[in-house]
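Peer 1: Numbering (the numbering used here), first residue to last: 3 to 559.
Glycine residues also receive a C-beta, built at the ideal position from the N, C-alpha and C atoms.
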């Protein structure tokens with residue numbers, strides 16, 4: 003049962019106050035964090051870049067029901083804050099747009115400019131003139147939070163980092179992030195780099211809805227580059243059931259930030275914490291927010307639309323390429339307040355605690371397991387302390403974490419969440435082999451990496467031309483259908499149908515395929531569907547197709 007706004011705030015405040023009190027007791031009476039023992043315990047309160055007990059960055063937090071777009075909890079969620087490395091989520095959003103439209107490929111080589119190489123740590127540390135594959139740059143941004151790679155991406159797309167930052171701001175406003183302004187691609191300190199927890203919750207929903215093919219990279223816990231393991235700074239990955247990302251961040255002015263997404267028991271939430279006094283304290287607050295509010299989220303079959311249209315920005319004129327047709331503007335996302343439209347505030351005692359206390363590494367119980375948090379240092383200016391992990395996410399993890407429920411009636415959500423996934427791309431994001439650099443400044447950029455695949459898709463389109471355009475009439479007891487995606491062109495919907503048939507002919511052998519035109523918010527899309535199932539058969543078919551890398555959901559005809 004969803005609690006009222008007041009009840010939810012009181013229960014959350016009570017639980018959070020109790021947990022923070024426990025953290026304080028633990029910090030006072032236990033030994034220093036494990037990685038600091040047995041030396042230097044008189045320095046343990048100053049080992050965070052924040053400066054210990056006197057460090058008090060401004061705090062904000064929000065929890066949103068990702069399916070309903072409803073705010074479940076908010077504390078100063080609309081107050082201006084510095085995003086730090088959460089900025090990189092928008093940097094990757096714009097990169098994913100270019101990947102999706104084919105302007106950039108995963109094997110495109112990004113050239114490291116002197117400006118990119120000059121970025122403060124954390125970074126890969128490549129020299130000017132080096133090149134790196136886009137796929138490796140993405141993983142370096144997600145795991146190591148590499149500032150030089152964020153700038154290399156920005157310069158590839160925008161020509162300059164300044165021009166790219168303007169693109170980031172325009173995209174933010176198009177998404178409904180009206181209180182956000184970007185001036186760089188990395189999140190390195192700048193007084194003019196401003197956002198809110200509310201706006202970042204919009205971005206957290208949008209990036210996974212818009213890019214189900216690429217979003218699973220945020221679950222990467224480590225990858226190898228030039229023989230060196232890069233560990234993800236997000237200590238909650240693999241520790242909280244259903245949590246699959248998204249990004250951490252820290253600067254002195256921002257405090258310790260975290261954006262997450264959790265799917266569990268048919269529910270889904272996104273949550274943002276800004277201004278934690280330490281990584282451990284931030285993680286503890288996030289864990290309690292998740293456990294307190296996930297149960298309040300909707301179990302609805304379908305997600306509320308996030309975007310009406312999420313067409314990528316055209317790249318600047320400095321990049322020579324065929325111009326894309328103009329698309330209608332996006333309808334900005336708004337979140338529905340569960341508490342009368344006003345942000346809830348943490349009680350003064352809790353706010354004072356979170357803004358002045360740097361607890362030593364706390365422990366908390368999530369899903370029956372006792373967790374010891376590790377400490378973290380400045381993500382942008384020094385290497386973080388991370389706990390080693392022995393597991394590496396593979397293709398199964400990436401496929402299983404594709405969104406399984408999307409909105410079949412909203413054009414934007416359809417376009418966003420049901421773009422056909424590519425198994426090849428999922429595999430290319432795996433941290434299974436070392437990355438490499440190219441020292442040759444004249445090394446050719448492999449910007450046409452996806453052209454052969456496009457030709458193959460063109461031939462499949464010819465084979466799929468027989469797909470009926472009209473919805474088949476449902477037979478008694480066979481009134482369920484499955485949908486694989488909604489795409490801008492009927493040809494691509496037919497290609498998707500053919501790919502699905504080729505991947506597993508058994509589950510679709512008796513199904514009747516068709517494309518269905520739908521127009522919403524001035525945008526026309528074509529759904530790729532199969533009909534002629536009962537409910538059990540439809541769910542079973544989707545299960546098989548998801549294992550084969552497709553997005554799929556079942557619905558009654």
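Taking contact to mean at least 3 C-beta pairs separated by less than 8 Å, is the segment 104-124 in contact with the segment 149-164?
Peer 2: Because the criterion of three Cβ pairs below 8 Å is met, the segment 104-124 and the segment 149-164 touch.
Peer 1: In chain order, which beta strand (DSSP E) runs of at least 3 residues are fully inside the segment 118-162?
Peer 2: Correct list: 133-135.
Peer 1: Taking only three categories from DSSP, how would you classify residue 171?
Peer 2: Reduced to three states, the DSSP call for residue 171 is helix.
Peer 1: Would you identify the three-state DSSP class for residue 2, choosing helix, strand or coil?
Peer 2: The structure shown does not extend to residue 2, since the chain is modelled only from 3 through 559, so no value can be given for it.
Peer 1: From the DSSP secondary-structure annotation, give me the bridge partner or partners of residue 533.
Peer 2: In the DSSP output, where bridge partners are listed per residue, residue 533 has 483 and 514.
Peer 1: Out of 238, 298, 554 and 160, state which residue places its alpha-carbon closest to the alpha-carbon of residue 100.
Peer 2: Nearest option by C-alpha distance: 160.
Peer 1: Just the Cα atoms here: how many angstroms apart are residue 490 and residue 283?
Peer 2: Approximately 45 Å between the Cα atoms of the pair.
Peer 1: Looking at C-alpha atoms only, which residue of 228, 80 and 272 is the closest neighbour of residue 298?
Peer 2: Looking at the Cα atoms, 272 is the closest of the given residues.
Peer 1: Give me the Cβ distance between residue 70 and residue 199, rounded to the nearest whole Å; I'm assuming they're in contact under 8 Å.
Peer 2: Wrong, their Cβ atoms sit about 18 Å apart, outside the cutoff.
Peer 1: In the DSSP assignment, what residue or residues form a beta bridge with residue 257?
Peer 2: Answer is 253.
Peer 1: Here's a check: name, in chain order, each residue in its chain whose Cβ is nearer than 7 Å to the Cβ of residue 248, leaving out the five neighbours to either side.
Peer 2: Counting only Cβ-Cβ distances below 7 Å, and skipping sequence neighbours, we find 91, 206, 220, 261, 262 and 263.
Peer 1: Rounded C-beta distance between residue 287 and residue 275? I'm assuming under 8 Å.
Peer 2: The pair is a contact, with the Cβ atoms about 5 Å apart (cut-off 8 Å).
Peer 1: For residue 557 and residue 484, I'd like the C-alpha separation in whole angstroms.
Peer 2: If I take the Cα positions, the gap works out to 6 Å.
Peer 1: If I'm right that residue 1 touches residue 59 with Cβ under 8 Å, what's the distance once you round it to whole angstroms?
Peer 2: The structure shown does not extend to residue 1, since the chain spans only 3 to 559, so no value can be given for it.
Peer 1: From this set, 109, 118, 129 and 144, which residue's C-alpha is nearest residue 135's C-alpha?
Peer 2: Here the closest residue by C-alpha is 109.
Peer 1: Can you tell me whether residue 302 is helix, strand or coil according to DSSP?
Peer 2: Residue state, collapsed to three classes: coil.
Peer 1: Which residue from 61, 142, 115 and 138 puts its Cα closest to that of residue 129?
Peer 2: Checking every option, the nearest Cα to that of residue 129 belongs to 115.
Peer 1: Here's the rule: buried if 16 or more other CB atoms are within 10 angstroms of the residue's CB, otherwise exposed. What is residue 537?
Peer 2: Its Cβ having fewer than 16 others within 10 Å, residue 537 is exposed.
Peer 1: Which residue's Cα is closest to the Cα of residue 511: 225, 540 and 521?
Peer 2: When each option's Cα is compared against that of residue 511, the closest is 540.
Peer 1: For a test of the three-state rule: what should DSSP assign to residue 188, helix, strand or coil?
Peer 2: Correct three-state label for residue 188: coil.
Peer 1: Looking only at its chain, what residues have a beta carbon closer than 7 Å to the beta carbon of residue 319, apart from the 5 residues adjacent to it on each side?
Peer 2: Low confidence applies here, because residue 319 scores a pLDDT of 28, under 50, leaving its location unreliable and the question unanswered by this model.
Peer 1: Give every residue of the same chain whose Cβ lies closer than 6 Å to the Cβ of residue 216, excluding the five residues on either side of it in the sequence, and list them in chain order.
Peer 2: 98.
Peer 1: To the nearest angstrom, report how far apart residue 96 and residue 210 are at their CA atoms.
Peer 2: If you take the alpha carbons of residue 96 and residue 210, they lie about 13 Å apart.
Peer 1: What is the C-beta distance between residue 112 and residue 155, in whole angstroms, given that I count them as a contact (C-beta under 8 Å)?
Peer 2: So it is a contact: roughly 7 Å between Cβ atoms.
Peer 1: Taking the beta strand (DSSP E) that residue 296 belongs to, which residues open and close that run?
Peer 2: That residue, residue 296, is in no beta strand (DSSP E); it is neither H nor E in DSSP.
Peer 1: If I follow the unbroken beta strand (DSSP E) through residue 271, where does it start and stop?
Peer 2: Segment 269-278, the beta strand (DSSP E) holding residue 271.
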